[in-house]
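K.L.:
In my numbering, the protein residues as written are 3 to 166. Beta carbons are placed, not taken as given, at the ideal position from N, Cα and C, and that holds for glycine.
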Amino acid sequence: MPKMIRNATTEDLPAILSIVNHAILHTTANYLYEPQTLTDQQKWWQDKQNKSFPVLVAQVNNEVIGFASYGTFREKIGYQFTVEHSVYVAPEYINQGIGSKLLSALIELAKSEGYHTMIGAIDAENHDSIAFHEKFGFIKAGLIKQAAFKFDRWLDLQFVQLML
């Protein structure tokens, strides 16, 4: 199955939206409760474009099966060399190397753009995602206990960090 990583376009937004909404409704990878609308996704896209942040997609047979992006970690100027990233893969393509291709490309892009460190914020019970990030050299950088509430329970947030 040939896989391609490329820059996203506005035509990819419905597929990205579908992947995001699956994560919102069925996982703790995203702490939103309600599915996003296409308008929400367009606003997210425009914000990425306005701030010159990348959105990459993984494609197989002309189908978008995953995406990755990074953006502002915190708004204050002192954080300008730190980015927070996200990687999402369609559920039927998990554990097929898609996330690895996306994260590798995202890390290389962040390095080439002069960023100093990349942060991930992962639900602490998502041991697979934490192990996935550790394979790329991310280290655990802090745990915020009961940072979020979803699916009728408190969730701890694990920060991971990669020095670029």
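Please work out which residues of its chain come closer than 7 Å, Cβ to Cβ, to Q44, disregarding the five sequence neighbours upstream and downstream, and give them in chain order.
P.N.:
So the list reads L15, once near-sequence residues are dropped.
K.L.:
What's the C-alpha gap between I71 and E94?
P.N.:
The question names Ile, yet the displayed sequence has Ser at residue 71. Distance between the alpha carbons of S71 and E94: 20 Å.
K.L.:
For the alpha helix (DSSP H) that contains G101, what are its first and last residues?
P.N.:
Residues I100 to S114.
K.L.:
In its own chain, which residues sit with a C-beta less than 7 Å from the C-beta of F140, not counting the 5 before and 5 after it?
P.N.:
G122, V162, Q163 and L164, listed in sequence order.
K.L.:
May I ask you to report which of helix, strand or coil DSSP gives A133?
P.N.:
Helix.
K.L.:
So the alpha helix (DSSP H) L157 belongs to, where does it begin and stop?
P.N.:
It is not in any alpha helix (DSSP H) - L157 instead sits in the beta strand (DSSP E) that spans R155 to M165.
K.L.:
Looking at C-alpha atoms only, which residue of P56, G99, T74 and T41 is the closest neighbour of T119?
P.N.:
Nearest of P56, G99, T74 and T41 to T119, Cα basis: T74.
K.L.:
To the nearest whole angstrom, what separates the beta carbons of I7 and A60, a pair I think is in contact under 8 Å?
P.N.:
Correct: roughly 6 Å between the Cβ atoms.
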